Amino acid sequence: MAVRRLPNVPVADLASLEDSELLARVKALPLPQHVAIIMDGNGRWATQRGLNRVAGHREGVKAARAVVRAAHEAGIRFLTLYAFSSENWSRPSIEVTTLMTLLERSIDQELPELQANNVRLRVIGRPNGVPSSVRQGIERAVAATAGNTGLTLFMAFNYGGRDELVDAARALARQVQAGELRPEDIDEARVGQALYTRGVPDPDLLIRTSGEMRVSNFLLWQIAYTELVVTPTLWPDFGARDLYLAVAEYQRRDRRFGKV
Ligand code: IPE
Ligand code: IPE
Ligand code: MG
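Under this note's numbering, the first residue of the sequence shown is numbered 166, with each subsequent residue one higher.
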């Protein structure tokens with residue numbers, strides 16, 4: 166029989182703790198190795214305040230900064246942030262352009278802190294279609310942080326879970342065509358190796374903000390047994406505390422992986 170983790174303090178009680186105390190409680194139990202976040206609700210946050218959607222994206226960048234810092238402080242190994250999906254191209258062009266500019270600018274601005282915190286930046290998604298200045302900026306930051314050994318931060322940018330599976334299928338087909346691989350040798354491990362996330366453990370915890378109960382084409386293969394936490398909080402309002410509360414919720418879950 167699987168050993169079940171006994172429930173610790175109710176999450177409602179944790180909510181009354183100071184940030185530092187909450188962090189200490191969360192750190193006292195096994196942490197998720199890999200946390201993935203669907204950062205949703207920037208547009209609604211802005212609209213509720215009578216602002217332009219773009220103002221919501223600007224605030225969203227601040228929330229992302231706070232959460233990267235918080236993940237680093239907690240000692241989480243991998244953090245994946247969904248920043249722009251393969252479907253987001255169908256938004257009004259002014260919004261798409263602003264998102265690209267914001268990403269380019271924030272990567273530049275955040276680089277010193279990423280370096281100071283020993284964070285390694287990586288990107289998942291298709292490079293095609295991303296303006297070349299944005300691509301070059303990302304590549305520079307990825308190269309500059311490649312030797313860092315702390316938190317690995319994956320930005321999912323122009324990312325689609327189905328695109329990723331299509332790319333993996335093509336890569337495997339090419340290996341078969343070249344005579345390097347037999348179809349019967351394709352197994353879960355080979356597929357995993359053909360994904361953008363090769364070598365990275367699957368997310369233990371997936372957080373989605375803004376209350377939407379869907380995965381929106383995010384890490385479809387990798388979330389097979391991921392614990393889901395959906396919070397009504399809109400992304401610009403999400404902070405370190407919310408991350409730690411989601412981790413505390415995760416720590417109360419009983420992960421069974423199909424066993425009893
Ligand atoms: C998330 O916020 C940011 C991106 C998808 C780039 P949204 O822009 O989706 O905000 P809502 O969902 O419209 O409120
Ligand atoms: C998911 O949010 C994509 C990102 C957070 C980048 P969306 O706002 O695009 O998802 P839907 O359209 O509500 O499913
Ligand atoms: Mg949305």
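Idealized CB from N, CA, C, for every residue including glycine. In this text, all values refer to a predicted model and were calculated from it rather than measured experimentally.
Beta-ladder partner(s) of residue i, from DSSP
i    : result
L318 : L244 and L286
L393 : L371
S250 : Y324
Own chain partners of residue i with C-beta closer than 7 Å, once the 5 adjacent residues on each side are dropped
i    : result
A236 : V200, L244, L316 and L408
L410 : V176, L179 and A180
N283 : N313, T314 and G315
G225 : M204, N207, W400 and P401
R300 : P292
E275 : R230
beta-carbon residue i near ligand 1 non-hydrogen atom, thresh 7 Å
i    : result
M204 : yes
F319 : no
W254 : no
G225 : yes
R218 : yes
L384 : no
L264 : yes
S375 : yes
Residues of its chain near residue i, where Cβ-Cβ distance is below 6 Å and the 5 sequence neighbours each way are ignored
i    : result
L216 : none
F322 : A248, F249, V288 and G290
A167 : Low per-residue confidence applies at A167: pLDDT is 48, beneath 50, and the placement is therefore not dependable, though the value from the model is reported in the following sentence. Hits under 6 Å: K424.
P397 : G376
Y139 : Nothing can be reported for residue 139, as the shown portion of the chain is limited to 166 through 425.
F422 : Y390
Boundaries (first-last residue) of the alpha helix (DSSP H) holding residue i
i    : result
I439 : The shown model of the chain, from 166 to 425, leaves out residue 439, and the question about it has no answer.
E329 : G326 to Q342
E414 : A405 to Q416
V219 : R218 to A239
T212 : N207 to Q213
I303 : S297 to A309
E186 : D184 to K192
L399 : First-last for L399: undefined, no H or E at that position.
L179 : V176 to L179
Ligand 2 heavy atom lying under 7 Å from the CB of residue i
i    : result
R347 : no
R379 : yes
A177 : no
F243 : no
F249 : yes
Spatial neighbours of residue i in its chain, beta-carbon cut-off 8 Å, leaving aside the 5 residues before and after
i    : result
I388 : A201, D367, P368, L371 and V380
K227 : P401
L182 : R190
G404 : A228, A231, V232 and A235
R363 : G357
G294 : W254 and N323
T212 : R218 and G221
D273 : G302 and A306
R355 : L337 and L346
A311 : R285
Residue i, enclosing beta strand (DSSP E) - first and last residue
i    : result
A201 : H199 to I203
Ligand 4 heavy atom lying under 7 Å from the CB of residue i
i    : result
G423 : Questions concerning ligand 4 fall outside what the structure shown contains, since the ligands it does hold are ligand 1, ligand 2 and ligand 3.
Any non-hydrogen atom of ligand 3 closer than 7 Å to residue i Cβ
i    : result
G208 : yes
Chain D within 8 Å of residue i, Cβ atoms only
i    : result
P348 : In summary, chain D is missing from the structure at hand, where a single protein chain is found.
Practice task
Report the residue ranges of all alpha helix (DSSP H) runs contained in full by the segment 339 to 383; include only those spanning at least 4 residues, in chain order.
Solution key: 353 to 358
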